[in-house]
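What follows is a set of notes on a single structure, which appears directly below.
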Amino acid sequence: MQRIEECLSMEAALPLFDLHGADAVEVFDTQGQVIGVLTRTDIEKAQQNVALDQLVGECMRYRITGITPREEAQSVDACGFDQEPLRSLLDALHDGVYITDANGVTVTINKAYERITGISRAEVVGFHMADLVKAGFISKSASLEVIHTHRPITLVQTIHDSRKIVVTGTPMFTADGSIAYVVTNVRDITELLLAKRAQEQLEQIQHMREAYKVPEVMALSSPGVITSQQTETCFKMARRVAKSSAKILIQGETGTGKTLLARYIHRESDRADGPFMELNCTAFPEGLLEAELFGYTAGAFTGAAPKGKQGLLDVAHGGTLFLDEIGDLPLALQVKLLKVVEENRYLPVGGTSFRQTNVRLITATHQDLHERVQKGTFREDLFYRISVVPLWLPPLRQRRDEVIPLLNYYLDYFNQLHGLQRRWNLEALELLSSYSWPGNIRELINLTERLAVTVAENEITVTSLPSELFPSSLFSVEPFSGDLRQQVMQFEQQLIRQALTHHGTTRAAAAALGVDQSTLVKKQRRWRSSAN
-1 MQRIEECLSM EAALPLFDLH GADAVEVFDT QGQVIGVLTR TDIEKAQQNV ALDQLVGECM
59 RYRITGITPR EEAQSVDACG FDQEPLRSLL DALHDGVYIT DANGVTVTIN KAYERITGIS
119 RAEVVGFHMA DLVKAGFISK SASLEVIHTH RPITLVQTIH DSRKIVVTGT PMFTADGSIA
179 YVVTNVRDIT ELLLAKRAQE QLEQIQHMRE AYKVPEVMAL SSPGVITSQQ TETCFKMARR
239 VAKSSAKILI QGETGTGKTL LARYIHRESD RADGPFMELN CTAFPEGLLE AELFGYTAGA
299 FTGAAPKGKQ GLLDVAHGGT LFLDEIGDLP LALQVKLLKV VEENRYLPVG GTSFRQTNVR
359 LITATHQDLH ERVQKGTFRE DLFYRISVVP LWLPPLRQRR DEVIPLLNYY LDYFNQLHGL
419 QRRWNLEALE LLSSYSWPGN IRELINLTER LAVTVAENEI TVTSLPSELF PSSLFSVEPF
479 SGDLRQQVMQ FEQQLIRQAL THHGTTRAAA AALGVDQSTL VKKQRRWRSS AN
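Residue 169 in my numbering sits at position 171 of the sequence shown, with consecutive numbering throughout.
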């Protein structure tokens, strides 16, 4: 429970209720002793009466009494509530019953109240309601509201900081019109609220899937997820850590399949039945990115939805949130994301109270975050929080064994999608397998669909390949002289020169030609020595 001093103004106490969502706060005197409880009702009344400048000590109604309970409260048998048949009648009720006297001292409760709240008779009978609020048994007292207003009151209480109950307090009057007792009826609505929230989340998830066109989670054999010797270690590690809650950072060039790997981790985790939501941190300007991630309250900014909007941290509750290109997240949002990572809570745009979240966070980037940390464009504390388990996806040019299986898979996929019967020519496949694929898997998918829908014949041949990727000069053959061995060597030299011109480095040229870099370098040295 929050704490304030009685000399504080009501206006200064207001943020405790708005920012932290508190229903009641303890009030201390100048000696540091607890003297009572200030409730949200007290604040609301001060606002209505334009009395926020008054001191807390003047406005609080729930004061710790320090009064010994009256004899009839100490011996509840004298009140008749524990005598038969009234005792059995109260215990037979399904709803909880809580009875206080006119001073707010607890007289009795029934068994249903004990069952619903987990609070025993011994903990409350004989105690003043203000003392029970102060001790944290309940968040606010309907009985004291009834005593104050002399009319029935219905409100929602929080029991032991978790369970929600609806309480209705009704006054019992004496012949002269004064209050004799307050009888409070109690009904547990926790399960009802959970069911309602689950239904709302289900509807919201479906809406977000449609709005963001989020595909269903796919298994390892799904499009694009084809492993080779170069990626097997990465996927084995992903499978091993998927069951944990450790934060995962996926690194690799653009288009290497980081999103597919994130979905695979989600599929293998204990959250597989929950939602998988993804957000590209480069796809929105900073203001809109914050709203998409954290959501916003009603009236948070001009043009905001009248009822506000849930962010992906809400929608992904119980599932996985994948933040792609985390390296481009603005510094201001990095601070807010750090609070999510460390405390599992966040503040919506325009909000005044924090919300809890329960998501598995997976991030990805094509950038060197170590370098960005050194430059001051990425927070070091956030970097170490999100990269508990770093995974590296190598570029496609280093995964040669995957190229042909991917080409075959996606050609079959687009054949079904467009109603075609295309097939690869073996020479075209061989040439494509030696291509450097600077755009990685994304470029491969794009090229495959392009060829599938544009070629005139069912067979995709070398001549069908786009000239901007495979210029004709690369395959031109100059006239050679000499015997067969000399002409073969001249042809080999030409191929290597063209590969170096096209790819820029010996490593990339060797990969494109399907030979080791050391072999290519040795051949160059031998030709230079023979020329000298």
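Idealized CB from N, CA, C, for every residue including glycine.
query, result
"Counting C-beta neighbours from all protein chains within 10 Å, is the total for L87 16 or more, i.e. buried, or is it exposed?", "exposed"
"Using C-beta distances below 6 Å, list every residue in its chain close to L291, excluding the 5 sequence neighbours before and after it, in chain order.", "G309, L310"
"Going by beta-carbon coordinates alone, are Q354 and R343 separated by less than 8 Å?", "yes"
"Going along the chain, which residues of its own chain have a beta-carbon closer than 7 Å to the beta-carbon of S432, five neighbours each way excluded?", "A510, L511, G512"
"Taking only runs that begin and end inside the region 83 to 120, name each unbroken beta strand (DSSP E) of 3 or more residues, in chain order.", "94 to 99, 104 to 107"
"Quick one: is Q414 buried, meaning 16 or more other Cβ sit within 10 Å of its Cβ, or exposed?", "exposed"
"With a threshold of 8 Å, are at least 3 pairs of Cβ atoms found where one atom belongs to the region 241 to 255 and the other to the region 434 to 450?", "yes"
"Considering only their Cβ atoms, is the gap separating A426 from V401 smaller than 8 Å?", "no"
"In terms of alpha-carbon separation, which member of E447, S434, S385, V387 lies closest to Y407?", "E447"
"With a floor of 4 residues, list each alpha helix (DSSP H) that falls wholly inside the region 394 to 449, ordered by position along the chain.", "398 to 416, 424 to 431"
"Nearest-angstrom Cα distance between F381 and A260?", "18 Å"
"Quick one: Cα of S220 to Cα of E323, how far?", "The predicted model places S220 with a pLDDT of 44, which falls under 50 and marks its position as unreliable; any figure quoted below should be read in that light. The alpha-carbon atoms of S220 and E323 are separated by roughly 23 Å."
"Fully enclosed by the region 315 to 377, which beta strand (DSSP E) runs are 3 residues long or longer?", "318 to 322, 358 to 363"
"N108: buried (16+ other C-beta within 10 angstroms of its C-beta) or exposed?", "buried"
"Helix, strand or coil for S267? Go by DSSP, reduced to three states.", "coil"
"Can you give me the start and stop residues for the beta strand (DSSP E) that I248 sits inside?", "246 to 249"
"Tell me the DSSP secondary structure of H148 in three-state form.", "coil"
"In or out: M8 buried (at least 16 other Cβ within 10 Å) or exposed?", "buried"
"Taking 8 Å as the threshold (C-beta atoms), are L405 and W422 in contact?", "yes"
"In this structure, does DSSP put E70 in helix, strand or coil?", "For E70, the predicted model reports a pLDDT of 42, less than 50, meaning its position is unreliable and no value from the coordinates is stated."
"Where do the N-terminal and C-terminal ends of the beta strand (DSSP E) with D186 fall, by residue?", "177 to 186"
"At the level of alpha carbons, what is the spacing between S471 and R358?", "With a pLDDT of 43 at S471, under the threshold of 50, the modelled position of that residue is not reliable, and the figure given next carries that caveat. Computed Cα separation, rounded: 51 Å."
"Could you spell out the range, first to last residue, of the alpha helix (DSSP H) harbouring L286?", "284 to 292"
"Does M170 come out as helix, strand or coil in the three-state DSSP assignment?", "strand"
"Can you list, in chain order, the residues of its chain with a C-beta nearer than 6 Å to that of H364? Leave out the 5 residues immediately preceding and following it.", "E251, T252"
"In the DSSP assignment, the alpha helix (DSSP H) including F233 goes from what residue to what residue?", "227 to 239"
"Straight-line CA distance for G317 to P273?", "5 Å"
"Would you call V519 buried or exposed, if buried means 16 or more other Cβ atoms sit within 10 Å of its Cβ?", "exposed"
"So, under 8 Å CB-CB, V35 and M58 are touching, yes? Tell me the CB distance rounded to an integer number of Å.", "7 Å"
"Are the CB atoms of D93 and V184 within a distance shorter than 8 Å?", "yes"
"G102 and A140 - do their beta-carbons sit closer together than 8 Å?", "no"
"On the criterion of 16 or more Cβ atoms from any shown chain inside 10 Å, does K241 qualify as buried, or is it exposed?", "exposed"
"Can you tell me whether T452 is buried or exposed? The criterion is at least 16 other CB atoms within 10 Å of its CB, across all chains shown.", "exposed"
"Please name the residue, chosen from V387, R377, N456, that lies closest to F412 on a Cα-to-Cα basis.", "N456"
"Measuring CB to CB, does P392 end up less than 8 Å from Q228?", "yes"
"May I ask which residues mark the beginning and end of the alpha helix (DSSP H) holding L511?", "504 to 511"
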